[in-house]
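Read the structure below first, then the notes.
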Amino acid sequence: MILADLGAEIIKVERPGPGDDTRSWGPPFVGSESAYFLSVNRNKKSIAVNMKNPNGSKIIQELAKACDVFIENYIPGKLSKMGLGFEEIKEIAPHIIYCSITGYGQTGPLFQRAGYDAVACAMSGLMYITGPEDGDPVRPGVAMTDLATGLFAHGAIMAGLLQRSKTGKGMHIDCNLLSSQVACLSHVAANFLNGGAEAKRWGTAHGSIVPYQSFKSKDGYLVIGAGNDQQFSTVCKIMELTELIGDPRFKTNKLRVQNRNDLLTILSARFSEKTTSEWLNLLEGSGIPYGPINSIKQVFSEPQVIHNGLVLDMDHPTAGKISVPDFSLVDFLRSFANLMADTETRKFAANSCLPNSFAHHHSTLVTEVKMETAERKHHYRLFTSYFVAHFFYCV
C-alpha cells in the first residue's frame, strides 16, 4: 500500500475460488469482507489467475512484460515450476524488479519451510524478549515481523527502480521474515554479540535506561522516559521527589540501572497517587518524553491522531462505509502531485483506491495487458518523470 500511496498501480493476483486467505480472517466482517483484509488491501486492483494452468501462467508472463515490479511470496522454487521464477521472468522482461518475500530466504537449511509472522517472531528472538519480566514469552499485538519485512522490501524496491533508471537493468530482491526480524533486534543483538549477555524480558521497561517504562496511575497507565540525568532531575521535581536527585544510588543512569528496584518502588508509589490526566497535565511542557497508554478506542480519539489524519473513510461496493488506517506518506504524494501539471496524476494522488472485491479488475486488466506491453517506453518515461510505476503482486 505504501508503494501505491507513492503513485504505483498495484495489480494483485489471487487464486480462483476463495482468493486471498485474509478475505476470510474474521470476525469482524464488514459486509462480505474481513476487516483484516480491508486494512491491508487499499489501492490494489484484483485479478484471479490459476497459475498452475499454462494459460494462467501465460497471463502472468504478459503482465510481467507490462509491469515494472513483480512481488511474490511463494516458497522458493514453486514459481519456477510454473515458469514464473526470476530466471524465467527476466528472460521475457529483463527490466523487471523481481522481489521475493519468503520465510527464511532462497537457500539454507530452512528455505523450503512456509513462513508466518508468529513463527519468525519466535525464531528471531523477538518473542523471547517480549512479555512480563517474570512471565512467558509474548507475541507482539500486531504482526511486527510482517510489517518490518514489507518496509524493507519497499526500500529495496525503490532502490532497485533507481538503479534501473541508471542502468536499464532489472534485479532480484530477496527479503525474508527471519532476516528482517533478526536485523530489527538492534541493540539487543549487539549486546549479545559484543558483550555475550543473554537478553531477558523487561515488560515495558528498558534494560539500559531507568526510568523508561510504564507506571500505574490511580486510574490507568502512563509511560515516561528519562534518557539522561537532566531529564531524571526534571521528573523528580515534577513528582516532588527532589531528594532523589542527590541520592547517591540514583545520581547517574548507570547507578539507576544498578538500583532499579529501589527507584521503581519509590516512583511507582508516587505515580499511584494521581490520575493519568493529572500526571499528563503536570508533565506538559517539561521536555520529558511521556504519554498515556491508550486503548484502541482512545487512540482514535487522541487529538494528535485526529490532526495527523490517520483514518481514511471510504464507500466500499459491498461493505458500505468503511474506515481504514491511513499513512502520512499520502501527504507526501499529495504535495508531490501539486508540483505536477498532469491532471491525471493530481487526480490519482488526491484519491485512494478502495480495497477491491475479488477479481474486480480481471477482465479489464487482462484485456489491456498487450497494449501496456507495447507501451513499455512510455512507462519508463512516466516513472522517471512522475514517480508512477506499474507493480505486480502475486499471492
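11 is the number of the first residue of the sequence shown in the numbering used here; add one for each residue after it. Each residue gets a CB set at the ideal place from its N, CA and C atoms; glycine is no exception. Fair warning: this is a prediction, and the values are worked out from it, not measured in the lab.
| Query | Result |
| --- | --- |
| Which of helix, strand or coil DSSP assigns to Ser224 | strand |
| Nearest-angstrom Cα separation, counted from Leu322 out to Leu73 | 30 Å |
| Neighbourhood of Ile183 by C-beta, 8 Å cutoff - its chain only, sequence neighbours within 5 removed | Ile107, Tyr108, Cys109, Ser110, Ala163, Ala166, Ile167, Gly170 |
| Residues that Cys109 bridges to, as DSSP identifies them | Ile81, Ile183 |
| Burial state of Arg259 (16 or more Cβ within 10 Å) | exposed |
| Length of the line joining the Cα atoms of Glu354 and Trp35 | Here Glu354 scores only 48 on pLDDT, less than 50, and its place in the model should not be relied on; the value that follows carries that caveat. Taking the straight line joining both Cα atoms gives about 35 Å. |
| Gly27 versus Ile303 - alpha carbon distance | 42 Å |
| Residue nearest to Met3 in terms of C-alpha spacing, selected from Cys194, Gly180, Arg174, Pro86 | Outside the shown range of the chain (11 to 405) lies residue 3, about which nothing can therefore be said. |
| 6 Å Cβ shell around Gly145 - same chain, five flanking residues per side excluded | none |
| Phe39 in three-state terms, based on DSSP | strand |
| Three-way DSSP call (helix, strand, coil) for Lys264 in this model | helix |
| Per-residue DSSP class, three states only, for Asp30 | coil |
| Leu273 burial status per 10 Å Cβ neighbour count (16 or more: buried) | buried |
| Cβ neighbours of Ser42 in the same chain (closer than 6 Å, five flanking residues each side left out) | Thr328 |
| Those residues which DSSP pairs with Ile234 across a bridge | Gln223, Tyr300 |
| DSSP-derived helix/strand/coil call for Ile139 | coil |
| Beta-bridge partners of Asp325, as assigned by DSSP | Lys331 |
| Distance CB(Leu48)-CB(Val334) smaller than 8 Å | yes |
| Classification of Lys55 by the beta-carbon crowding that lies within 10 angstroms, buried from 16 upward | buried |
| Whole-angstrom distance between Val192 and Met154, CA atom to CA atom | 12 Å |
| For Ser67, three-class secondary structure by DSSP | helix |
| Lys91 (DSSP reduced to helix, strand or coil) | helix |
| Endpoints, alpha helix (DSSP H) assigned at Ala200 | 196-205 |
| Per-residue DSSP class, three states only, for Ala58 | strand |
| Inter-residue CB distance, Ser134 and Leu94 (contact presumed, cutoff 8 Å) | Ser134 to Leu94, Cβ: 29 Å. No contact. |
| Check whether Tyr114 and Leu161 have beta carbons under 8 Å apart | no |
| Bridge partners - Ser44, DSSP secondary structure assignment | Phe39 |
| Same chain, Cβ closer than 6 Å to Pro38, neighbours up to 5 away in sequence not counted | Ala45 |
| Cβ distance (whole Å) where Cys77 is taken to contact Ile21 below 8 Å | 7 Å |
| Environment of Val152 [buried if 16+ CB atoms lie within 10 Å] | exposed |
| The region 288-295 / the region 197-214 touching (three or more Cβ pairs under 8 Å) | no |
| Gln116 beta carbon less than 8 Å from that of Pro86 | yes |
| Simplified DSSP assignment, three categories, for Asn318 | coil |
| Environment of Gln240 [buried if 16+ CB atoms lie within 10 Å] | exposed |
| Pro313 vs Leu277 beta-carbon contact at 8 Å | no |
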